[in-house]
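Report on the following structure.
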Amino acid sequence: MIASSDSHNRRAKLKLFGGGYHRLKEVLATVPKESLHFRSRRDVWNISEIIIHLADLEAVAYVNFRRAVAEPTDTIVAFDKDLWAESLAYYGQPFGSSIKLFRLLRASNYLLLKNLSEDVWLNTVNYPDNGQISLEDLLDLYENHLNKVIKEIIHNVESWNNTH
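The working numbering applies: residue 1 is where the sequence shown begins, and numbers increase by one.
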């Protein structure tokens with residue numbers, strides 16, 4: 001009974017994960033073009049930087065999900081988001097390619113995950129920031145991150161609207 005409940009819960013999570021690109025596009029459709037490079041504070045990323053980061057993170061997720069499936073218990077990739085943003089010059093870059101990349105990577109990740117057998121979901125990996133975590137924990141991490149990013153975009157637009 002528990003396995004069935006877990007499986008049902010996971011299917012709901014996967015459906016949400018698979019729809020992540022569409023949720024992001026819905027939010028981006030409300031963003032005024034003039035606000036894309038606006039920062040509400042110096043220590044906050046603008047919307048363009050957020051989207052570029054999101055594509056980089058989904059590329060890392062692409063590798064990490066596959067490592068969790070094929071090489072369980074190994075250490076997976078984590079990265080310093082601020083170092084990447086600075087070193088890869090996120091600021092001022094257009095994000096059109098990044099949104100397309102996110103769409104493709106998220107679709108590929110979803111296709112991989114939705115077809116996994118129950119026993120594979122028990123696989124664990126060593127995540128540098130969190131220690132040993134399950135494949136499902138990894139799914140939760142990436143889905144929660146997208147939700148956080150969407151809230152950041154909404155906050156940036158609200159801040160921009162309040163100053164313009």
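Where a beta carbon is used, it is the ideal one built from N, C-alpha and C, also for glycine. These numbers come from a predicted model, not from an experiment.
In angstroms with no decimal places, state the Cα-to-Cα distance between residue i and residue j.
i: VAL69; j: HIS22; result: 26 Å
i: HIS145; j: LEU113; result: 17 Å
i: LEU24; j: ASN147; result: 9 Å
i: THR75; j: ARG39; result: 35 Å
i: ILE47; j: ASN130; result: 27 Å
i: GLU143; j: PRO128; result: 18 Å
i: LYS81; j: VAL63; result: 17 Å
i: GLU136; j: LEU88; result: 30 Å
i: TRP84; j: GLU158; result: 26 Å
Kindly indicate the opening and closing residues of the alpha helix (DSSP H) around residue i.
i: ASN156; result: 135-163
i: TYR62; result: 47-70
i: ASN130; result: ASN130 -> no alpha helix (DSSP H), and no H or E assigned at all.
i: GLY92; result: Neither: GLY92 is in no alpha helix (DSSP H) and is coded neither H nor E.
i: LYS25; result: 20-28
DSSP three-state label for residue i, please.
i: VAL120; result: helix
i: ASN109; result: helix
i: ASN165; result: Nothing about residue 165 can be read from this structure; the chain reaches only from 1 to 164.
Buried or exposed: residue i, going by 16 or more other Cβ atoms within 10 Å of its Cβ?
i: ALA29; result: exposed
i: GLY96; result: exposed
i: ARG10; result: buried
i: HIS53; result: buried
Thinking residue i and residue j are a contact (beta carbons under 8 Å), I'd like their distance in whole angstroms, please.
i: VAL125; j: ARG42; result: VAL125 to ARG42, Cβ: 35 Å. No contact.
i: ASN109; j: PHE65; result: 6 Å
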